[in-house]
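>
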Amino acid sequence: MKGIGVSPGIAIGRAFVIKKTEAKVSGVLLTSEAEISAEIAHFEDAVNKAVSDIESIKSDKHLSLQDEDLAILDTQIELLTDPQLNDDVLEKIKSDRKNSSDAVIEAIDAFVQMFEGMEDEYMRARAADIKDIGERLFKHLNAGSSSIETFPPDTIIIAEDISPSETITMDIAHVVGFATRAGSKTSHTAIIAKAKGIPAVVGCGWELGSITNDDLVILDGISGTVQINPTQEIIAAYTAKKDAYQQSAEKLKALKDQPAITTDGKKITLSANIGAADEFADVFEYGGEGVGLLRTELLFMNRDSFPTEDEQFEFYKNVALQSKGVPVIVRTIDIGGDKQLPYFNLPAELNPFLGYRAIRICLDRKELFITQLKAILRASVFGDLKIMFPMISNVQEIRSAKRVLAAAVDELLKEGVAFKPDIKVGIMIEIPSAAVMADILAKEVDFFSIGTNDLCQYTLAVDRMNEKISHLYDPFNPGVLRLISNVIEQRHKHNIHVGMCGEMASDPLATLLLLGMGLDDFSMSASAIPVIKDIILNHSIAEAKEIFRNTMQMDSSDEIIAYLQKHTA
Ligand code: PEP
Ligand code: MG
1386 MKGIGVSPGI AIGRAFVIKK TEAKVSGVLL TSEAEISAEI AHFEDAVNKA
1436 VSDIESIKSD KHLSLQDEDL AILDTQIELL TDPQLNDDVL EKIKSDRKNS
1486 SDAVIEAIDA FVQMFEGMED EYMRARAADI KDIGERLFKH LNAGSSSIET
1536 FPPDTIIIAE DISPSETITM DIAHVVGFAT RAGSKTSHTA IIAKAKGIPA
1586 VVGCGWELGS ITNDDLVILD GISGTVQINP TQEIIAAYTA KKDAYQQSAE
1636 KLKALKDQPA ITTDGKKITL SANIGAADEF ADVFEYGGEG VGLLRTELLF
1686 MNRDSFPTED EQFEFYKNVA LQSKGVPVIV RTIDIGGDKQ LPYFNLPAEL
1736 NPFLGYRAIR ICLDRKELFI TQLKAILRAS VFGDLKIMFP MISNVQEIRS
1786 AKRVLAAAVD ELLKEGVAFK PDIKVGIMIE IPSAAVMADI LAKEVDFFSI
1836 GTNDLCQYTL AVDRMNEKIS HLYDPFNPGV LRLISNVIEQ RHKHNIHVGM
1886 CGEMASDPLA TLLLLGMGLD DFSMSASAIP VIKDIILNHS IAEAKEIFRN
1936 TMQMDSSDEI IAYLQKHTA
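If you read the sequence shown in the numbering used here, its first letter stands for residue 1386, the second for the next number, and so on.
1. Could you check if residue 1877 is buried or exposed, using at least 16 other CB atoms within 10 Å of its CB as the buried criterion?
2. Going by DSSP in three states, residue 1415 sits in which element: helix, strand or coil?
3. Any heavy atom of the ligand PEP closer than 7 Å to the beta-carbon of residue 1566?
4. Evaluate residue 1525 with the Cβ neighbour count: other Cβ atoms within 10 Å of its Cβ, from every protein chain shown; 16 or more gives buried, anything less gives exposed.
5. Taking a contact to mean a Cβ-Cβ separation below 8 Å, would you say residue 1772 touches residue 1808 in this structure?
6. Specify, as a first and last residue, the run of the alpha helix (DSSP H) that residue 1499 falls within.
7. Any heavy atom of the ligand MG within a distance shorter than 7 Å of the CB on residue 1491?
8. Grouping DSSP H, G and I as helix and E and B as strand, with all else coil, what is residue 1604?
9. Looking at C-beta atoms only, is the number of pairs between the segment 1795-1811 and the segment 1772-1781 that lie closer than 8 Å three or more?
10. Sorted by chain position, which residues of the same chain lie with C-beta nearer than 6 Å to residue 1529's C-beta, five sequence neighbours on each side aside?
11. When you compare the CB positions of residue 1748 and residue 1820, do they come within less than 8 Å of one another, or not?
12. Quick one: does the C-beta of residue 1848 sit closer than 7 Å to a heavy atom of the ligand MG?
13. What did DSSP end up calling residue 1666 once you bin it into helix, strand or coil?
14. Residue 1510 to residue 1857, Cα distance in whole Å?
15. Please list the segments of the beta strand (DSSP E) lying wholly inside the segment 1836-1885, counting only runs of 3 or more residues, in order along the chain.
16. Which two residues bound the contiguous beta strand (DSSP E) that contains residue 1612?
17. In this structure, how does DSSP classify residue 1530 when only helix, strand and coil are distinguished?
18. Across the segment 1930-1940 and the segment 1644-1652, are there enough close Cβ pairs to call them in contact, namely three or more that are closer than 8 Å?
19. What residue does the beta strand (DSSP E) around residue 1790 start on, and which one ends it?
20. Where residue 1412 and residue 1481 are concerned, what is the direct C-alpha to C-alpha distance, given to the nearest angstrom?
21. I'd like the list of long-range same chain contacts for residue 1623, defined as Cβ closer than 7 Å, with 5 residues on each side in sequence excluded.
22. Helix, strand or coil: which one does DSSP assign to residue 1910?
23. Taking just the CA atoms, how far does residue 1701 sit from residue 1582?
24. Given 8 Å as the limit, is there contact between the segment 1888-1898 and the segment 1909-1921, that is, 3 or more CB pairs closer than that?
25. Classify residue 1781 as buried or exposed, calling it buried when 16 or more other Cβ atoms lie within 10 Å of its own Cβ.
26. Who are the near neighbours of residue 1720 in its chain, counting only those whose CB is closer than 8 Å to its CB and skipping five residues on each side?
27. On the DSSP bridge assignment, give the partners of residue 1690 in chain order.
28. From this set, 1392, 1885, 1754, 1476, which residue's C-alpha is nearest residue 1421's C-alpha?
29. Can you give me the C-alpha to C-alpha distance between residue 1562 and residue 1404, rounded to a whole angstrom?
30. Give the straight-line distance between the Cα atoms of residue 1638 and residue 1469, rounded to the nearest whole angstrom.
31. According to the neighbour-count rule (16 or more other Cβ atoms, all chains shown, within 10 Å of its Cβ), is residue 1391 buried or exposed?
32. Check each candidate in 1842, 1873, 1591, 1835 and name the one with the smallest Cα separation from residue 1854.
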């Protein structure tokens, strides 16, 4: 069975199949005002019970919850008490005369669809939290209860998908693997499995339904395969593979405190991409030396109005305090397009990716921009924060953004509030025009960070969300590589700092090529750092340069990928 390997490693164990009671709309309508009042009370009671469930999970000492678990639970409490969700449910009960279960199912579905339609992968994955609270509410509305599940040793969990609170309330001491029918690389199962170091394969499809309790299962989180009741030979082969994997994982973990230096002595900086302060535990666990990208969108989500300057200040200050003094690049808000905020009613657009988004909104709605910049500046006295503007396409945008920054500085001076006056300012290079004229833009800012996720979509005219054309979304396309190389070249020509925070920075196949281009600052999800560090430690810049030179002679990504596969092994 083939799925998506999202957490590496091999697991051999017995299946435990988790079945869910399907939440189905009954269609039963309410016929009197008394029934409506009763259903409203029933819904409010379910919300209170669901919140107190989560509070008791949070305070359960046996679960030894990590900061990231607590953050998920807090998000779920916020979602449960979200005024928009509550209003939607009450409206359906009062005006449409729906019973509370149907109203909850429909309102949750609408929320899930909204999140699933967002561009940002992290936000899309939050749809799982909404489904999770929906299931919890549904259980209470239908008088069920949730309990903590325990499993026998060497259990492999087989499920439709695993909800955020399930992974937290599961006694995972005996769980050696997860296989799910649904899910993606950024789904919650993937995030938790990776954080706990448990191999996982998601998106296995309907075939997973053929597994029954106690089947012997081999799960390979690297290749994304699941085997049911394999032969003795296969079991023996995978047992050997599992031992080899464990040895290499131990070796990689031991690299944590070792600097990433090539065999010919070049130090490379490896940083992490994060969305909130509680991710610093992972950053340091995997040996991250800083944060190359703090996506600030999370701060603006799950609320019903823009955060105030003070609220934002607290968020950035917390980031600065948790950072233990390592550099942190704070990217100003990258909303718009299909990354919508429920309270910011942007009109629908024909081409949202080419539309009103990120810096374009900030320069149009300067009051929002100045609030964020003042909050970041105020927090900058607590750590080594830098400011980065996303989606820059021309020099005027940089100059305008810097004027707003100067206005923020003026306001803080007038208010007599402390801030770091010499904060470094940089831009994302993620639009082809910016990559082509990197030499011009280099004169305007302190640093560049290459955003390959958008650079690739805009250069190739391939929507990064559209599965039908995903085979065309190709960072190894020679055209994309030439743009990236042009940006990195400016490092020496214009003495500007150049990093990369797009997904390509975490692709082991791209590491030597990027080193050969002269990149010395990579930022990626924290857990990807050890693998990239291992490649750096075992190769020289001389080798990497040769790989780069040869690659640039090739005319297709097929040839480039085959060549890189041969030379990275
Ligand atoms: C990018 O475009 O490469 C990037 C890092 O930004 P995001 O994925 O948030 O658009
Ligand atoms: Mg981007």
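For glycine and all other residues, C-beta sits at the position ideal for the given N, C-alpha and C. Model, not experiment: these values are computed from the prediction.
Reading it off the structure:
1. exposed
2. coil
3. no
4. buried
5. yes
6. 1485-1501
7. no
8. strand
9. yes
10. With a pLDDT of only 48 at residue 1529, under the threshold of 50, the placement of this residue in the model should not be trusted; the figure read from the coordinates follows. If we look at residue 1529 and ignore the five residues flanking it on each side, it has no Cβ neighbours.
11. no
12. no
13. helix
14. 23 Å
15. 1882-1885
16. 1610-1613
17. Here residue 1530 scores only 44 on pLDDT, less than 50, and its place in the model is too uncertain to base an answer on.
18. no
19. Counting along the chain, residue 1790 falls outside any beta strand (DSSP E), though it belongs to the alpha helix (DSSP H) covering 1780-1800.
20. 11 Å
21. 1395, 1397, 1603
22. coil
23. 29 Å
24. yes
25. exposed
26. 1682, 1685, 1726, 1729, 1742, 1743, 1746
27. DSSP output for residue 1690 lists no bridge partner at all.
28. 1476
29. 17 Å
30. 44 Å
31. buried
32. 1842
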